[in-house]
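Chemist: First the structure, then my questions, so here it is.
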Amino acid sequence: MNYRHQYHAGNFADVMKHVMLVRLFAALQRKEKGFLYLDTHAGRGSYDLAAAAKGDSLVREPEHPLGIGRLWDRSDFPEEIAAYVGLVRSFDRERGNLGGPPRFYPGSPWIARRLARPQDRIVLCERHEGEAELLDIEFGRESRVRVEAMDGYGAPRAMLPPIERRALVLIDPPFESEDEFARIATAVGEGLARLPSAVFAIWYPLTERARVDAFFSELLALKLPPALELELTVAGERSVRKLKGCGVVVINPPWGFEAQAARILDWLAPVLAQEPGGSGRIRWLVPGK
Ligand SMILES: C[S@@+](CC[C@H](N)C(=O)[O-])C[C@H]1O[C@@H](n2cnc3c(N)ncnc32)[C@H](O)[C@@H]1O
Numbered sequence: 004m005n006y007r008h009q010y011h012a013g014n015f016a017d018v019m020k021h022v023m024l025v026r027l028f029a030a031l032q033r034k035e036k037g038f039l040y041l042d043t044h045a046g047r048g049s050y051d052l053a054a055a056a057k058g059d060s061l062v063r064e065p066e067h068p069l070g071i072g073r074l075w076d077r078s079d080f081p082e083e084i085a086a087y088v089g090l091v092r093s094f095d096r097e098r099g100n101l102g103g104p105p106r107f108y109p110g111s112p113w114i115a116r117r118l119a120r121p122q123d124r125i126v127l128c129e130r131h132e133g134e135a136e137l138l139d140i141e142f143g144r145e146s147r148v149r150v151e152a153m154d155g156y157g158a159p160r161a162m163l164p165p166i167e168r169r170a171l172v173l174i175d176p177p178f179e180s181e182d183e184f185a186r187i188a189t190a191v192g193e194g195l196a197r198l199p200s201a202v203f204a205i206w207y208p209l210t211e212r213a214r215v216d217a218f219f220s221e222l223l224a225l226k227l228p229p230a231l232e233l234e235l236t237v238a239g240e241r242s243v244r245k246l247k248g249c250g251v252v253v254i255n256p257p258w259g260f261e262a263q264a265a266r267i268l269d270w271l272a273p274v275l276a277q278e279p280g281g282s283g284r285i286r287w288l289v290p291g292k
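The sequence shown: position 50 = 53 (the numbering used here), numbered continuously.
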């Protein structure tokens, strides 16, 4: 396990994923009844972007200037994105940044914590010992948040169905090993068997189109409920860059989410593009009713 999200925090993929996460929270909170937010691969919870450039031993090119950095000084956001930027800006300020470029970036755990109502609960899973310790320091005393130093792929099986009978599950692995897509499919199948109405958001990298198509076939074999596929590319298919974009599959998308996601991708695609050919795409993997 070599992956550290520290080096990628606030990059274009985080922006896309976290904007969608904020929207999903808002959609689930249209109902008064609380829900469980389950983060299977939580990371350390928050990131100091200044440290990201230092690397383990060598200076690294930070990724956040091409992500949150591209949004930082703008104000022309559609409302679907404004809530995310407002949350990141206030987090950054409260952690001590007094101005200039962004310095402190909230990971998905802090985004969820900021958005959760008293009736919502949060479970954060992280398998890397050091990252889980940092997560525990951030959230250990919070009564509504539980930190589990465990294999997140086992979490849908272990945590669903929750007492609330409502859940939003973020699956956001590092994609370090070959079997990552297969493990996601297994975890989703186990989760849906326990709570068929659970909303899943699954992040994936767009490095090889064929691998992603094979993943969709694995998901479709589960006889999924309605599922939307959202993709953001920052470069065209012929680009030599390894990570050409990323996607989020949303299973059981809330009512109205498709139109919001389309507006988000339309706005983000030109702002986050790094080479010609960057674009947004949205399609139903399994059509909604
Ligand atoms: C992409 S990062 C998560 C970022 C976080 N969700 C966010 O949006 O801020 C993936 C994390 O998964 C952790 N990890 C790797 N394998 C895991 C596993 N099997 N179970 C739980 N966590 C794992 C890594 O240590 C890393 O912190």
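Here a beta-carbon is modelled for each residue, glycine too, at the ideal position from N, C-alpha and C.
All of these numbers come straight from a predicted model, not from anything done at the bench.
#1: Going by C-alpha to C-alpha distance, which of 163, 83, 208, 246 sits closest to residue 200?
#2: Pick helix, strand or coil for residue 166, following the three-state DSSP scheme.
#3: Does the Cβ of residue 110 lie closer than 7 Å to at least one heavy atom of ligand 1?
#4: Helix, strand or coil, according to DSSP, for residue 230 in the structure here?
#5: With DSSP as the reference, label residue 203 as helix, strand or coil.
#6: Evaluate residue 12 with the Cβ neighbour count: other Cβ atoms within 10 Å of its Cβ, from every protein chain shown; 16 or more gives buried, anything less gives exposed.
#7: Please specify which runs of the beta strand (DSSP E), each continuous and at least 3 residues long, are wholly inside the segment 93-176, giving them in chain order.
#8: Examine the Cβ distances between the segment 34-52 and the segment 257-270 and report whether three or more of them are shorter than 8 Å.
#9: Give the DSSP-derived three-state secondary structure of residue 189 in the structure shown.
#10: For ligand 1, is there a heavy atom less than 7 Å away from the beta-carbon of residue 189?
#11: Ordered along the chain, which non-local residues of its own chain (more than five positions away) have a Cβ less than 6 Å from that of residue 291?
#12: Check whether the Cβ of residue 10 sits closer than 7 Å to any heavy atom of ligand 1, and report yes or no.
#13: Ligand 1 and residue 44: does the residue's C-beta get closer than 7 Å to at least one heavy atom of that ligand?
#14: Is there at least one Cβ from chain D nearer than 8 Å to residue 277's Cβ?
#15: Among 79, 108, 100, which one has its Cα closest to the Cα of residue 91?
#16: For the candidate residues 43, 191, 284, 45, whose alpha-carbon lies nearest to that of residue 248?
#17: Rounded C-beta distance between residue 207 and residue 115? I'm assuming under 8 Å.
Modeler: So, from the data block:
#1: 163
#2: coil
#3: yes
#4: strand
#5: strand
#6: buried
#7: When DSSP assignments are scanned along the segment 93-176, the uninterrupted stretches of beta strand (DSSP E) that are 3 or more residues long and fall wholly within it turn out to be 107-109, 124-128, 148-151, 170-174.
#8: no
#9: helix
#10: no
#11: Setting aside the 5 residues that flank it on each side, residue 291 is surrounded in the same chain by 229, each with a C-beta closer than 6 Å to its C-beta; the list follows chain order.
#12: no
#13: yes
#14: Given the protein chain composition of this structure (a single chain), no chain D is represented.
#15: Out of 79, 108, 100, 108 has the C-alpha closest to the C-alpha of residue 91.
#16: 284
#17: Not really, about 20 Å apart at Cβ, beyond 8 Å.
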